[in-house]
Amino acid sequence: MGSSTEPSALRILIVGAGIGGLSAGLALRRQGHQVTLFERSKFSAEIGAAIHSAPNCSRVLRRLGVSPEDYGGTLMKAFSLCDHIDGTFKSLGDFSEEREWYLMHRAQLHSALKDTALSKEGLGIPVQLQLACQIVGLDISTATVTLNNGQSYKGDMVIGADGVHSWTRTFIDSTTKPFSTNMACYRWIAPNEDLAKHKDTVELSKKRNHCVEWVSDDRRIIYYPCSDHTISNFGAFVPTVASKSGTNSDWNTPGSRAHLQEAFKDFGPMVQRLIQDAPVSELKLWELLDMETLSTWHKDSLVLIGDAAHPFLPFMGQGGAMAIEDSAALAALLPLGTEAIDIPAKLKIWEDCRKERVERIRDFTRRNGRSPNDPAAPRPSYEETMEVMSYCVNYDAWEQASGVLNN
69 MGSSTEPSAL RILIVGAGIG GLSAGLALRR QGHQVTLFER SKFSAEIGAA
119 IHSAPNCSRV LRRLGVSPED YGGTLMKAFS LCDHIDGTFK SLGDFSEERE
169 WYLMHRAQLH SALKDTALSK EGLGIPVQLQ LACQIVGLDI STATVTLNNG
219 QSYKGDMVIG ADGVHSWTRT FIDSTTKPFS TNMACYRWIA PNEDLAKHKD
269 TVELSKKRNH CVEWVSDDRR IIYYPCSDHT ISNFGAFVPT VASKSGTNSD
319 WNTPGSRAHL QEAFKDFGPM VQRLIQDAPV SELKLWELLD METLSTWHKD
369 SLVLIGDAAH PFLPFMGQGG AMAIEDSAAL AALLPLGTEA IDIPAKLKIW
419 EDCRKERVER IRDFTRRNGR SPNDPAAPRP SYEETMEVMS YCVNYDAWEQ
469 ASGVLNN
């Protein structure tokens, strides 16, 4: 009788255990591979505000065994503009529940991915997570990671998921670095029930399951609920000079409510009340960074995903989704039985699958962040926005990559 051997698992090392790294770890685990994640923090205090899980993102999450509604996901049913002076609302479209556009607290999405990736239940081998570790060496020719305690880990592939200030990126391109957009974002969360307590915000409290935006010249505010509609998430975008707080791309930098009030002093009573009620302990200031396009996202055994490869500005709700799509497409192209020698070729196929889509959405996101009153660089029209939004959400990253693999 002939004998058969079980297909072998790849050994995959992932640098960074944020949303992108955990998504990649979970997706590759479900393909049967052995995954080790390295994270420099202790995960003792999750930071970050809310995040969109548009249908293209929710589709991948469900494939990975994560149900957004089990982790506080709030369905978005409509998007509205609110006049920044008189507070009147204008609907820009309704979203049926079948669209599965969820508004989630970033920490809850992170927990969902982490819990599922590490669980002893479910498909594949549980992901191994190394916390509070400092990587001091990376050899991309041998897929070897070395920690500051001298311990080395040998894999078949290394994934750089270490964010906008990526260290792993320097092994592919040591010259391209993030740069300031001269814009900053104040962000805060507050109890959603507070909106109904004041006459200036009571109308906003009635916009359940709505994403609402106020726009004027070079500043804007965005609101949406998350955490089963118990939390209000706010982001206020201003020129860096208007923040009066210097520049810092750390998510956890404290923001000044007085500076925020000054930046939005020309907005109407609704916005004034929202800012006045912003909890000082929750108010953070974050510099918005961008980066020129990398010529490639992979080299030897190393591949970059998410913000390490292509940082996104927060004007389309697709930055996190692109990292999760990256992960799904990569896993789909690396089924159990893939040989280590085939990884470079698979990474080339993966980049061909991803780059055009990511760059189109990224470039549109940049345009969507422009001032509405700048004739030299106008924001996209409503019709173009709807066209690109359809392109974003009517997509299945796993199925698309699987189709390429099968052909």
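Residue numbers for the sequence shown follow my numbering, beginning at 69 and rising by one.
Glycine residues also receive a C-beta, built at the ideal position from the N, C-alpha and C atoms.
Note that this is a predicted model, so its numbers are computed, not measured.
If you measure between the beta carbons of residue i and residue j, is that distance less than 8 Å?
i: W354; j: T321; result: yes
i: G140; j: D285; result: no
i: S148; j: K275; result: yes
i: R438; j: R428; result: no
i: H152; j: F432; result: no
i: L404; j: A185; result: no
i: E198; j: F111; result: The residue you asked about is not Glu; residue 198 is Gln in the sequence shown. No, these two residues do not count as a Cβ contact at 8 Å.
i: V195; j: L94; result: yes
i: P293; j: L171; result: yes
i: I193; j: R97; result: yes
i: I289; j: V339; result: yes
i: T238; j: E360; result: no
i: H378; j: R430; result: yes
Among residues of its own chain, excluding the 5 on either side of residue i, which ones have a beta-carbon nearer than 7 Å to its beta-carbon?
i: L415; result: H366, V371
i: A229; result: I82, V83, G84, G86, G88, G89, A92, I373, G374, A376
i: R255; result: A117, F302, G303, K352, W354
i: L215; result: C201, Q202, I203, V204
i: A252; result: V306, T308, S311, L353, W354, E355, L356
i: V472; result: I417, C421
i: S159; result: A146, S148
i: E189; result: none
i: Y494; result: Coverage of the chain is limited to positions 69 through 475, which leaves residue 494 absent and any answer about it impossible.
i: D345; result: A258, D262
i: N217; result: none
Could you work out which residue in the options is closest to residue i when comparing CA atoms only?
i: T236; options: G218, P259, I208; result: I208
i: N277; options: T142, L362, L96; result: T142
i: D358; options: V339, A346, T453, F383; result: F383
i: G191; options: D334, Q99, Q329; result: Inspection of the sequence shows that residue 191 is occupied by Leu rather than by Gly. Nearest option by C-alpha distance: Q99.
i: E271; options: W418, G155, A146, R425; result: G155
i: G385; options: E107, R174, A95, I80; result: R174
i: D394; options: P75, H120, E107, V128; result: V128
i: R425; options: D464, E452, L171; result: D464
i: A28; options: G218, V213, E467; result: The requested residue 28 does not occur in the structure, where the chain is confined to residues 69 to 475.
i: V134; options: A180, G323, R97, N475; result: A180
i: A397; options: T244, S248, S470; result: S470
i: I392; options: F157, I119, N474, Y450; result: I119
i: A408; options: T210, A445, G323, E455; result: T210
i: R108; options: K188, G231, S449, T212; result: G231
i: N474; options: S458, L402, T212; result: L402
Excluding the five sequence neighbours on either side, which residues of its own chain have a C-beta within less than 6 Å of the C-beta of residue i, listed in chain order?
i: G387; result: F380
i: H101; result: A77, L78, I80
i: Q329; result: I343
i: D162; result: A146
i: G70; result: The pLDDT assigned to G70 is 44, lower than 50, so where the model puts this residue is not dependable; a value taken from the coordinates is nonetheless given after this. Nothing meets the Cβ criterion.
i: M390; result: V426
i: C150; result: F157, V280, W282
i: T249; result: L356, D358
i: A445; result: R438
i: V103; result: I80, G93, L96, R97, V195
i: K182; result: L90
Take residue i and list the residues in its own chain whose beta-carbon comes closer than 8 Å to its own, dropping the five residues that flank it on each side.
i: I461; result: A quick correction: the sequence has Val, not Ile, at residue 461. Hits under 8 Å: A122, P123, N124, R167, W169.
i: P412; result: H366, D368, S369
i: E74; result: none
i: E455; result: none
i: P259; result: T298, I299, S300
i: T212; result: G205, L206, S220, Y221, K222, G223
i: K423; result: W365
i: N436; result: F383, M384, R447, P448, T453
Round the Cβ separation of residue i and residue j to the nearest angstrom and send it over; I've been treating them as touching at under 8 Å.
i: I257; j: E350; result: 5 Å
i: I227; j: L362; result: The pair is not a contact, with the Cβ atoms about 15 Å apart (cut-off 8 Å).
i: R287; j: A331; result: 6 Å
i: D268; j: P337; result: 4 Å
Between the region 298 to 308 and the region 251 to 265, do at least 3 Cβ pairs fall closer than 8 Å?
-> yes
Next on the checklist: Check whether the region 214 to 224 and the region 280 to 287 touch, using three or more Cβ-Cβ pairs below 8 Å as the test.
Outcome noted: no
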